[in-house]
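Participant: Quick one: this structure, given as structure tokens, is what I'll be asking you about.
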Amino acid sequence: MPNIVELVIVDLKEGVGKDDPVFTKLREGVAKGGLKRQSFGFSVEHPQRLYWTFYFENGFEPKDFKWPQEEYGDYIEQLKTIATSDFTRYYFTFPSFPHEVTAAPITETALITLKADADVAAFKAIQDALVGKLKQAPVVQEAAYAITTEAGANPIVLLFVGWPSAEAHQELVSRPESKEVMGKLHSFIEKGDVAHIPYTNKEY
Numbered sequence: 001m002p003n004i005v006e007l008v009i010v011d012l013k014e015g016v017g018k019d020d021p022v023f024t025k026l027r028e029g030v031a032k033g034g035l036k037r038q039s040f041g042f043s044v045e046h047p048q049r050l051y052w053t054f055y056f057e058n059g060f061e062p063k064d065f066k067w068p069q070e071e072y073g074d075y076i077e078q079l080k081t082i083a084t085s086d087f088t089r090y091y092f093t094f095p096s097f098p099h100e101v102t103a104a105p106i107t108e109t110a111l112i113t114l115k116a117d118a119d120v121a122a123f124k125a126i127q128d129a130l131v132g133k134l135k136q137a138p139v140v141q142e143a144a145y146a147i148t149t150e151a152g153a154n155p156i157v158l159l160f161v162g163w164p165s166a167e168a169h170q171e172l173v174s175r176p177e178s179k180e181v182m183g184k185l186h187s188f189i190e191k192g193d194v195a196h197i198p199y200t201n202k203e204y
């Protein structure tokens, strides 16, 4: 059964961490609304940038989520008290989601915007082969990606790869064979952002 993954990215105020009481309350509210499994962590590259992931599983869909307003207050207003910017939200549908990928010490979390005229089928053929090779690499702890396409918008790719460290990722991609594959992908890509996240995984 397909899994819908929601990714929220937001910059939090200095000193606000994963155990902050407001953020803890928000996570609890999301769980009460129906999203029992969550992953969250801060980017190695931007220590106050939060990556917060929700999983719609077992037939539970975004339309089924109900934020408990009376008990937890307004979600947006609560988030604003600890954030320095508006948040960005994405939804991606994975055929299935390997939760081992966010259990790795570091999870590469890449958001890639494809060109408006990109041949998505051709991109997927190359990306599928790349993910297949990554999964065979001894240092990789799972890998998965999905593409979202909306009318009038560029396709966006979300890629997760589990690594023992950010350095292990950099070492592998610096190899000539990796650069060759990446070169093939670059012709499809308009822009990309790669973050390395030590996720905390929690089930409520």
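Quick note: the sequence shown uses the numbering used here, first residue 1, plus one each step.
Ideal Cβ positions, reconstructed from N, Cα and C, are used throughout, including at glycine.
Note that the structure is predicted; figures quoted are calculated from it, not measured.
The alpha helix (DSSP H) spanning Thr24 covers which residue range?
Facilitator: Walking along the sequence shown from the start, residue 24 turns up at place 24. Per DSSP, Thr24 belongs to the alpha helix (DSSP H) from 21 to 32.
Participant: Kindly indicate which three-state DSSP category Ala83 falls into: helix, strand or coil?
Facilitator: Stepping through the sequence shown from its first residue, residue 83 is reached at position 83. Strand at Ala83.
Participant: According to DSSP, what are the bridge partners of Ser39?
Facilitator: On the sequence shown, residue 39 is found 39 positions in, with the first residue counted as 1. In DSSP, Ser39 forms a bridge with Thr53, Asn201.
Participant: By Cβ distance, which residues of its chain are closer than 8 Å to His196, with the 5 residues on each side in sequence left out?
Facilitator: Here residue 196 corresponds to residue number 196 of the sequence shown, with the count starting at 1. Counting only Cβ-Cβ distances below 8 Å, and skipping sequence neighbours, we find Ser43, Val44, Glu45, Ile106, Thr107, Glu108, Thr109, Trp163, Ala166, His169.
Participant: Within this structure, are the beta carbons of Val10 and Ser96 separated by less than 8 Å?
Facilitator: Taking the sequence shown and counting its residues from 1, one reaches residue 10 at position 10. Taking the sequence shown and counting its residues from 1, one reaches residue 96 at position 96. Result no, Cβ atoms of Val10 and Ser96 do not sit closer than 8 Å.
Participant: From what residue to what residue does the alpha helix (DSSP H) around Val173 run?
Facilitator: Numbered from 1 along the sequence shown, position 173 holds the residue referred to as residue 173. That run of the alpha helix (DSSP H) goes 166 to 173.
Participant: Give the DSSP-derived three-state secondary structure of Phe65 in the structure shown.
Facilitator: Taking the sequence shown and counting its residues from 1, one reaches residue 65 at position 65. Phe65 falls in the coil class under three-state DSSP.
Participant: Per DSSP, which residues does Pro108 bridge with? Please list them.
Facilitator: On the sequence shown, position 108 is the one that residue 108 refers to. Sequence check: residue 108 is Glu here, not Pro. According to DSSP, which records beta bridges pairwise, Glu108 is partnered with Val161, His196.
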